[in-house]
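What follows is a single structure, written as structure tokens, with notes after it.
Residue numbers (our numbering): 274 to 532.
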């Protein structure tokens with residue numbers, strides 16, 4: 274290759290990289306700086322990092338069959354070892370009472386925060402049969418839908434790398450806002466429409482909850498939600514687990530039959 278050809282190739286590569294720009298913050302792992310304390314169920318005024326360390330202990334010492342990764346919607350399942358609020362406590366006990374479950378949801382987390390937790394001990398030493406992921410709603414209104422989708426993809430791939438034997442059940446972002454016209458809902462749809470290819474990753478399945486949580490016209494089933502049309506009521510957790518239960522049973526977990 275002549276000097277001129279080498280110079281042309283180098284110039285083309287530099288132009289390509291400059292057009293790509295830096296990766297979005299949604300895929301850049303970082304710990305959360307929030308301190309939501311008791312208002313988010315972080316009892317005893319314990320900060321985010323303590324919540325993370327709780328999760329590390331639960332995952333590595335709990336010999337869990339099922340790990341739940343996510344934000345406040347996941348956190349509110351409650352479960353053993355969590356000093357958090359738990360509106361779904363009774364639902365949790367009924368459906369998960371015969372298996373070992375680790376709840377690794379932290380209120381306020383975005384994709385980049387969960388990614389940091391995964392890369393900093395949340396899955397080290399754990400050997401669950403199944404891992405569920407529900408993340409991204411806290412990125413809405415802060416990041417473009419395409420970037421949020423990339424963040425969710427990064428979380429799934431990091432989870433796959435850390436837990437190569439586990440079945441990963443990815444939930445697209447849960448519908449939010451009372452109607453399909455809600456601005457946040459529109460962004461959720463744009464994000465979720467970009468997640469289908471993740472089911473091509475070995476051991477990853479997508480379980481969409483929209484059929485359980487929405488009427489045919491796109492309005493939410495309000496009895497399943499809290500008044501903010503974002504978080505869930507106890508009935509919402511019941512609807513969630515009924516959608517999830519058949520797949521958990523198929524994976525060998527002792528989940529009660531629907532009744």
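Note that beta-carbon positions come from the ideal geometry of N, C-alpha and C, so glycine has one too.
Query	Result
Through-space distance from residue 383 to residue 462, alpha-carbon basis	17 Å
Helix, strand or coil at residue 376 according to DSSP, with G and I counted as helix	strand
From 488, 431, 530, residue whose alpha carbon lies closest to that of residue 395	431
The stretch 332 to 341 touching the stretch 458 to 477, judged by at least three CB pairs closer than 8 Å	no
DSSP state of residue 450 mapped onto helix, strand, coil	coil
Inter-residue Cα distance where the pair is residue 346 and residue 428	17 Å
Short Cβ contact (8 Å threshold) for residue 477 with residue 471	yes
Inter-residue spacing [alpha-carbon to alpha-carbon] between residue 312 and residue 327	The predicted position of residue 312 is uncertain, since its pLDDT is 49 and thus under 50; a value taken from the coordinates is nonetheless stated next. Their backbone Cα atoms lie some 18 Å apart in a straight line.
For residue 404 and residue 340, believed in contact at Cβ under 8 Å, the rounded distance	5 Å
Three-state class that DSSP yields for residue 346 in the structure shown	helix
Residue 404 in three-state terms, based on DSSP	strand
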